[in-house]
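Undergrad:
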Amino acid sequence: KQEVTQIPAALSVPEGENLVLNCSFTDSAIYNLQWFRQDPGKGLTSLLLIQSSQREQTSGRLNASLDKSSGRSTLYIAASQPGDSATYLCAVSGRGSNYKLTFGKGTLLTVNP
Amino acid sequence: DAGVIQSPRHEVTEMGQEVTLRCKPISGHDYLFWYRQTMMRGLELLIYFNNNVPIDDSGMPEDRFSAKMPNASFSTLKIQPSEPRDSAVYFCASSWVVGTGADTQYFGPGTRLTVL
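This is the structure:
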């Protein structure tokens, strides 16, 4: 059974700092890995999707990497802003008939002005 | 498109009552997913449909839970009878494809259910 772990559970940083969120998964037979953002009282928004054959994806100040063999991914946020404050969730998808998204419990990020 | 629509946004009910949650997926999306989110267990997939047909319901916790998708634009998740431990946020999501490696899901705002 796939398990996804995110460390740390919570992180508080001053505005402008660069930061890294970590995600690990137990079964490397994945189709893709996604990073989502969840704001309080709202649904999830997909930020970045890395296919199993890819090593990284970038969008603006966000960069996500994937090391499938070691079961790890990182989300790097450059020059953090208060508007980045949210919960960030990592999810991996299974293959074929085992398709499903398995989520980590998330990292609650607070960026202080 | 308005995105995935869920109703109600908040539901408070008493133990033993029937609860029905509703979802309208994004038009053109062939896949619909129901998730439950709690502090203890995080976000868990309950069931998903492809072209209105349930594909995997292994996450449905017990027989008190049932889900239907009578047409491409509407799905319900029903809990009967409800119990306090069912209190959670229930999300609906939709996707036009799965299993390609490039698929992503679009989530609704969720229904916060409180069972007293």
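Line order of the protein sequences matches chains A and B.
Be aware that the first sequence starts at 1, since it is given in my numbering, and climbs by one per residue.
Be aware that the second sequence starts at 114, since it is given in my numbering, and climbs by one per residue.
We put the CB at the ideal spot given by N, CA and C, even for glycine.
Keep in mind the model is a prediction, meaning the values are calculated, not measured.
Answer yes or no: does any C-beta atom of chain A fall closer than 8 Å to that of Pro121(B)?
TA: Pro121(B) does not count as touching chain A.
Undergrad: Mapping the DSSP letters down to three states, classify Arg225(B) as helix, strand or coil.
TA: The answer is strand: DSSP assigns Arg225(B) an E or B state.
Undergrad: So the beta strand (DSSP E) Thr102(A) belongs to, where does it begin and stop?
TA: Element bounds for Thr102(A): Leu101 to Phe103.
Undergrad: Could you check where the beta strand (DSSP E) with Ser12(A) kicks off and where it finishes?
TA: First-last of the beta strand (DSSP E) with Ser12(A): Ala10 to Pro14.
Undergrad: Starting from Glu56(A), follow its DSSP beta bridges and name the residues at the other end.
TA: According to DSSP, which records beta bridges pairwise, Glu56(A) is partnered with Ser65(A).
Undergrad: Given a limit of 7 Å on CB to CB distance, which residues of the stretch 155-189 of chain B reach chain A?
TA: Listed by position along the chain: Gly155, Leu156, Leu158 and Asp169.
Undergrad: Spatial neighbours of Ile168(B) within its chain, please: CB distance less than 7 Å, with the 5 preceding and 5 following residues excluded, ordered by chain position.
TA: So the qualifying residues of the chain are Tyr161 and Phe162.
Undergrad: Please name the residue, chosen from Lys68(A), Ile30(A) and Leu89(A), that lies closest to Ser46(A) on a Cα-to-Cα basis.
TA: Looking at the Cα atoms, Leu89(A) is the closest of the given residues.
Undergrad: Using Cβ-Cβ distances below 7 Å, what residues of the stretch 12-37 of chain A are close to chain B?
TA: Within the stretch 12-37 of chain A, the residues whose Cβ lies closer than 7 Å to some Cβ of chain B are Tyr31, Asn32 and Gln34, listed in chain order.
Undergrad: What number of angstroms, rounded off, separates the C-alpha of Leu44(A) from the C-alpha of Asn184(B)?
TA: Whole-angstrom Cα-Cα distance: 24 Å.
Undergrad: According to DSSP, is Gly155(B) helix, strand or coil?
TA: Three-state DSSP puts Gly155(B) in a strand.
Undergrad: Within the same chain, show all residues whose beta-carbon is closer than 6 Å to that of Ser188(B), passing over the 5 residues directly before and after it, in chain order.
TA: Cys136, Leu145 and Met182.
Undergrad: Using a Cβ-Cβ distance cut-off of 8 Å, determine whether Thr217(B) contacts chain A.
TA: Judged by the 8 Å Cβ criterion, Thr217(B) is in contact with chain A.
Undergrad: Should Thr217(B) go down as buried or exposed, given a rule of 16 or more other Cβ atoms within 10 Å for buried?
TA: Thr217(B) should be labelled buried.
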